[in-house]
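K.L.:
2 protein chains.
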Amino acid sequence: MGPDKIPIEAPSDREAHLKRATRNFVTSEDVARLAGVSRSAVSRTFTPGASVSADVRHRVQEAAKTLGYRVNRLARSLISDQSNLVGVVGANLSLPFMARQLDELSRALLRRGMQCLLLNAAEAEQGITPLIESILEFRVRAIVVMSGSPPSSIIDECVANGVRVILVNRQADDAEADTIISDDLGGARIAAERLLRAGCRCIGVVGSGARTPTQIRRRVAFADSIRDAGLEPIVWASGETTYETGIEAAKGLLASHDLDGVFCVTDLLGLGFLDGAREAGRRIPEDLSVVGFDDIPQSAWASYRLTTVRQSMNDLTGSVLSAIEREMHGKGTALAHEILPVELVERATVRPAT
Amino acid sequence: MGPDKIPIEAPSDREAHLKRATRNFVTSEDVARLAGVSRSAVSRTFTPGASVSADVRHRVQEAAKTLGYRVNRLARSLISDQSNLVGVVGANLSLPFMARQLDELSRALLRRGMQCLLLNAAEAEQGITPLIESILEFRVRAIVVMSGSPPSSIIDECVANGVRVILVNRQADDAEADTIISDDLGGARIAAERLLRAGCRCIGVVGSGARTPTQIRRRVAFADSIRDAGLEPIVWASGETTYETGIEAAKGLLASHDLDGVFCVTDLLGLGFLDGAREAGRRIPEDLSVVGFDDIPQSAWASYRLTTVRQSMNDLTGSVLSAIEREMHGKGTALAHEILPVELVERATVRPAT
DNA sequence: ATCAGATTTGCACACGTGTGCAATGCTTGC
DNA sequence: GCAAGCATTGCACACGTGTGCAAATCTGAT
Numbered sequence: 000m001g002p003d004k005i006p007i008e009a010p011s012d013r014e015a016h017l018k019r020a021t022r023n024f025v026t027s028e029d030v031a032r033l034a035g036v037s038r039s040a041v042s043r044t045f046t047p048g049a050s051v052s053a054d055v056r057h058r059v060q061e062a063a064k065t066l067g068y069r070v071n072r073l074a075r076s077l078i079s080d081q082s083n084l085v086g087v088v089g090a091n092l093s094l095p096f097m098a099r100q101l102d103e104l105s106r107a108l109l110r111r112g113m114q115c116l117l118l119n120a121a122e123a124e125q126g127i128t129p130l131i132e133s134i135l136e137f138r139v140r141a142i143v144v145m146s147g148s149p150p151s152s153i154i155d156e157c158v159a160n161g162v163r164v165i166l167v168n169r170q171a172d173d174a175e176a177d178t179i180i181s182d183d184l185g186g187a188r189i190a191a192e193r194l195l196r197a198g199c200r201c202i203g204v205v206g207s208g209a210r211t212p213t214q215i216r217r218r219v220a221f222a223d224s225i226r227d228a229g230l231e232p233i234v235w236a237s238g239e240t241t242y243e244t245g246i247e248a249a250k251g252l253l254a255s256h257d258l259d260g261v262f263c264v265t266d267l268l269g270l271g272f273l274d275g276a277r278e279a280g281r282r283i284p285e286d287l288s289v290v291g292f293d294d295i296p297q298s299a300w301a302s303y304r305l306t307t308v309r310q311s312m313n314d315l316t317g318s319v320l321s322a323i324e325r326e327m328h329g330k331g332t333a334l335a336h337e338i339l340p341v342e343l344v345e346r347a348t349v350r351p352a353t
Numbered sequence: 000m001g002p003d004k005i006p007i008e009a010p011s012d013r014e015a016h017l018k019r020a021t022r023n024f025v026t027s028e029d030v031a032r033l034a035g036v037s038r039s040a041v042s043r044t045f046t047p048g049a050s051v052s053a054d055v056r057h058r059v060q061e062a063a064k065t066l067g068y069r070v071n072r073l074a075r076s077l078i079s080d081q082s083n084l085v086g087v088v089g090a091n092l093s094l095p096f097m098a099r100q101l102d103e104l105s106r107a108l109l110r111r112g113m114q115c116l117l118l119n120a121a122e123a124e125q126g127i128t129p130l131i132e133s134i135l136e137f138r139v140r141a142i143v144v145m146s147g148s149p150p151s152s153i154i155d156e157c158v159a160n161g162v163r164v165i166l167v168n169r170q171a172d173d174a175e176a177d178t179i180i181s182d183d184l185g186g187a188r189i190a191a192e193r194l195l196r197a198g199c200r201c202i203g204v205v206g207s208g209a210r211t212p213t214q215i216r217r218r219v220a221f222a223d224s225i226r227d228a229g230l231e232p233i234v235w236a237s238g239e240t241t242y243e244t245g246i247e248a249a250k251g252l253l254a255s256h257d258l259d260g261v262f263c264v265t266d267l268l269g270l271g272f273l274d275g276a277r278e279a280g281r282r283i284p285e286d287l288s289v290v291g292f293d294d295i296p297q298s299a300w301a302s303y304r305l306t307t308v309r310q311s312m313n314d315l316t317g318s319v320l321s322a323i324e325r326e327m328h329g330k331g332t333a334l335a336h337e338i339l340p341v342e343l344v345e346r347a348t349v350r351p352a353t
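So the protein sequences, as listed, match chains A and B.
For reference, each letter of the first sequence is one residue, going 0 to 353 in numbering that gives the first Met the number 0.
For reference, each letter of the second sequence is one residue, going 0 to 353 in numbering that gives the first Met the number 0.
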């Protein structure tokens, strides 16, 4: 402001002062100056496989340590156009299954030298499109969606920009996204078979009011299996996907029906159902057999010992990671459409097979 | 690159081809060309409060939509030196308390327009210093540490670079970090008083083998309170901080001592202890009273109904956020040292006061 | 029609880094 | 001693964006 009559040094001085005031990060230029080399040498020192003499490398590292230099990844990504960021979209992070999923994923990403940009979709009233857009602004390497259902338009935009979209237990029919889902249909069938083998004749299925593909697949597949056996299942499907809903389902269902077998599409619902059923005076598994889905840690606790269908967490994160690491080859890149196997974990909430 | 004899168009052609090959992101230059304006106009259109005519703004927005333009935050942060990233360090993300903490924090950050860079400290054998260093490379606005104990040297480096470090339920005595901890001492005292009021005379305290400040504070403060009442507490302190350790503690402790009151420094330990105690034939709360700490969701479940000391999650994330948003003023910036109040949640695992 | 003032626009530089290219220095073999 | 070859180094440009400054355009009042 008014640089007209100020002596030459002033602006640079002013600049220097400004720098001290707002900009405190050490740059490679600072390091270069202290080490008495060019900026290129500094850059090369921190670039694996670049050509630097041992002497220079040493001096640079020394100077860097003295000054506390950290390479600016923003600038580096800007030029190499390859940030090692991975965007992760998830909601209900405190629910045991989601929490474990995120724990494993974030750990695996770090192990592979990637960073995890976490976006909580809990308050995304207008869908997760805005979230994905904001992730895109970071030029991420890939986006993992564990919650919500992205419209295929935004997925196409990601793909057009060379960003893989990986849907975990989600579905987007004709979009160019990798999808990795556990075998809901198979799992539901296994649960039905187990209950039938236990001799159950009056069977219910408990879901929440959520209309997620996972919920629907499990519910429908189970109901179909029961009908195949000539029985008509009693369905509960309202409320949130929580422990409390499980309790309500038990109270509601058991008041009007004398069920002897129930499949809860989620362990959390299952645990609530167990508590609700006990409160209603049912003995488990003598009066009533219960099967869950997911195998969250709490299902193994002594007060529950819930028989359930397990999703292999290892397989899941493994598949996600290999999808991320697969290279993109333009639009027609091969997409993964994996369906991961599940297995029944026998505990104590289902009568032995007759 | 030999611009001497090559016709003018050639380089730009070659460049264009290169762009198509490796670089698929749309830039502001592309938008400007399509809209028939300068690149500055594009930049200003996406900068709130900048001076652009309605006409230009409209044309730019139209072009941006057609091309699918997203501003490159890396480049933006590079110049403004203000990324809205916040680094979060945490381990054991699947443990209920940590999961809830992360859920709330990530949600709050997003609501304030900040992004969450999540680093899982689970596999940080050599401490979390390397993690913090790598966060620093992203020029984050602040770092929230929920796990591990950063040496003060790295904290000082963060502060020197204008990056706030916020320790949640952690401690770093003389370092320049904001620390936000819940009132472990007060909570432990409340737990002790409650057990004493219930008439307990043979009292135990259960912790894990972890040497975290939180664990130690709670254990010591509780033991001191018990001793003040003229009793000598029985201490258990080994294993990981899990449900299973709680069971083992119950089996180990109850085999040799006839306890009538126990304080578990973590709800997870407490729930395990309850199941272990029941298995050992103790009736709760008739024979044995149990108090936990944290108030995780599972503590309210019907099979447990654990009386516990609650940390207010709202207060916690609120304090973290206000610390992040407080401006940095060089080295001598005022630091927060908050101790958040706790409260006893009465459920069903402690005998009524006599 | 003219001119002052306000608004809009484009130029050019800055941010911190990676890297091709040419120049420099060093080694080696004769 | 000299030339050839090779490792090392510095220069300069590129990445995509924000913004001060001056030029250009528009507005409105005389």
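All C-beta atoms in this analysis are idealised placements derived from N, C-alpha and C, irrespective of residue type, glycine included.
Tell me the rounded alpha-carbon separation between A335 of chain A and E175 of chain A.
P.N.:
Their Cα atoms are separated by approximately 10 Å.
K.L.:
Please name the residue, chosen from A:A222, A:V204 and A:A299, that lies closest to L258 of chain A on a Cα-to-Cα basis.
P.N.:
Of A:A222, A:V204 and A:A299, the residue nearest in Cα terms is A:V204.
K.L.:
Using a Cβ cut-off of 9 Å (strictly closer), state whether L109 of chain B contacts chain A.
P.N.:
Closer than 9 Å to some Cβ of chain A, the Cβ of L109 of chain B qualifies, so yes.
K.L.:
Mind checking who E122 of chain B pairs with in its DSSP beta bridge?
P.N.:
According to DSSP, E122 of chain B bridges with nothing at all.
K.L.:
Is there at least one Cβ from chain B nearer than 9 Å to I189 of chain A's Cβ?
P.N.:
Chain B contact via Cβ: absent.
K.L.:
Among A:I202, A:G206, A:L305 and A:I142, which one has its Cα closest to the Cα of C115 of chain A?
P.N.:
Answer by Cα proximity: A:I142.
K.L.:
Determine, using beta carbons only, whether G383 of chain B and G208 of chain B come nearer to each other than 9 Å.
P.N.:
Residue numbering for chain B in the displayed model covers 0 to 353; residue 383 of chain B lies beyond these limits and cannot be assessed.
K.L.:
Does F24 of chain A get closer than 9 Å to chain B when you measure Cβ to Cβ?
P.N.:
Yes, F24 of chain A counts as interfacial toward chain B.
K.L.:
Alpha carbons only, please: which of B:F272, B:L287, B:T265 and B:P150 is nearest the one belonging to P129 of chain B?
P.N.:
Checked all of B:F272, B:L287, B:T265 and B:P150; the closest Cα to P129 of chain B is B:P150.
K.L.:
Please list the partners that V204 of chain A has in chain B, where partner means a Cβ-to-Cβ separation under 7 Å.
P.N.:
None at all; the shortest Cβ gap to chain B is about 22 Å.
K.L.:
For I202 of chain A, name the three-state secondary structure that DSSP assigns.
P.N.:
Residue state, collapsed to three classes: strand.
K.L.:
Is D227 of chain A buried or exposed, if buried means 16 or more other CB atoms sit within 10 Å of its CB?
P.N.:
Under this definition D227 of chain A is an exposed residue.
K.L.:
Do you know how far the Cα of L267 of chain B is from the Cα of Q81 of chain A?
P.N.:
Cα to Cα, Q81 of chain A sits roughly 41 Å from L267 of chain B.
K.L.:
For F96 of chain B, tell me which candidate among B:D293, B:S50, B:R140 and B:A222 has the shortest Cα-Cα distance.
P.N.:
Comparing Cα-Cα distances from F96 of chain B to each of B:D293, B:S50, B:R140 and B:A222, the minimum goes to B:D293.
K.L.:
Return no unless some Cβ of chain B is closer than 9 Å to the Cβ of P10 of chain A.
P.N.:
Residue placement at P10 of chain A is flagged as unreliable, the pLDDT there being 33, under the threshold of 50; the coordinate-derived value follows with that caveat. No, P10 of chain A lies away from the interface with chain B (no Cβ there is under 9 Å from its Cβ).
K.L.:
Does the count of Cβ pairs from the segment 129-138 of chain A and the segment 152-165 of chain A closer than 8 Å reach three?
P.N.:
Enough Cβ pairs lie closer than 8 Å, so yes.
K.L.:
Have a look at G317 of chain B and I323 of chain B and give me their C-alpha separation to the nearest angstrom.
P.N.:
If you take the alpha carbons of G317 of chain B and I323 of chain B, they lie about 10 Å apart.
K.L.:
So, do the segment 337-347 of chain B and the segment 175-186 of chain B have three or more beta carbon pairs nearer to each other than 8 Å?
P.N.:
Yes, the segment 337-347 of chain B is in contact with the segment 175-186 of chain B.
K.L.:
If you count every other CB in all the chains shown that lies within 10 Å of the CB of D54 of chain B, and 16 or more means buried, which is it?
P.N.:
It is exposed - the Cβ of D54 of chain B has fewer than 16 other Cβ atoms within 10 Å.
K.L.:
Kindly indicate which residue of B:F24, B:I78 and B:Q60 has the alpha-carbon position closest to the one of L33 of chain B.
P.N.:
Among B:F24, B:I78 and B:Q60, the Cα nearest to that of L33 of chain B belongs to B:Q60.
K.L.:
Who pairs with S181 of chain A in a beta bridge, going by DSSP?
P.N.:
Bridge partners of S181 of chain A: A:L339.
K.L.:
For the beta strand (DSSP E) holding G112 of chain B, just list the boundary residues, first then last.
P.N.:
Neither: G112 of chain B is in no beta strand (DSSP E) and is coded neither H nor E.
K.L.:
Determine, using beta carbons only, whether D293 of chain A comes closer than 9 Å to chain B.
P.N.:
With 9 Å as the cut-off, D293 of chain A does not count as an interface residue toward chain B.
K.L.:
Does the CB of S318 of chain B have a neighbour CB from chain A at under 9 Å?
P.N.:
No, S318 of chain B does not count as interfacial toward chain A.
K.L.:
Buried or exposed for P296 of chain B, please, with buried defined as at least 16 other CB atoms from any protein chain shown within 10 angstroms of its CB.
P.N.:
Per the 10 Å Cβ criterion, buried.
K.L.:
Contact criterion: CB-CB distance below 9 Å. Does W235 of chain A meet it with respect to chain B?
P.N.:
No, W235 of chain A lies away from the interface with chain B (no Cβ there is under 9 Å from its Cβ).
K.L.:
Could you please give the first and the last residue of the uninterrupted alpha helix (DSSP H) stretch that includes S42 of chain A?
P.N.:
Its alpha helix (DSSP H) spans residues R38 to T44.
K.L.:
Along the beta strand (DSSP E) that carries T306 of chain B, what are the first and last residues, could you check?
P.N.:
Note, T306 of chain B: beta strand (DSSP E), T306 to Q310.
K.L.:
Comparing the C-beta of A248 of chain B with each C-beta of chain A, is any distance below 9 Å?
P.N.:
It does not: the Cβ of A248 of chain B has no partner Cβ on chain A nearer than 9 Å.
K.L.:
Looking only at C-alpha atoms, which of A:R193, A:R188, A:E231 and A:A197 sits nearest to R216 of chain A?
P.N.:
Closest option to R216 of chain A, Cα to Cα, is A:R188.
K.L.:
Please compile the residues from chain A whose C-beta is within a distance smaller than 8 Å of the C-beta of S105 of chain B.
P.N.:
What S105 of chain B touches in chain A: L92, L117, L118 and N119.
K.L.:
Report the residue from A:A190, A:L108 and A:S76 whose alpha carbon sits nearest the alpha carbon of R346 of chain A.
P.N.:
Closest by alpha carbon: A:A190.
K.L.:
Using the beta-carbon of each residue, which ones in chain A are nearer than 9 Å to F137 of chain B?
P.N.:
What F137 of chain B touches in chain A: N71, R72, L73, L84 and Q114.
K.L.:
Would you kindly report the start and end of the unbroken alpha helix (DSSP H) that includes F292 of chain A?
P.N.:
Unbroken run through F292 of chain A is the beta strand (DSSP E), S288 to D293; no alpha helix (DSSP H).
K.L.:
So, helix, strand or coil for S152 of chain A, using DSSP?
P.N.:
Reduced to three states, the DSSP call for S152 of chain A is helix.
K.L.:
Look up F24 of chain B in the DSSP assignment and say whether it is helix, strand or coil.
P.N.:
Residue state, collapsed to three classes: coil.
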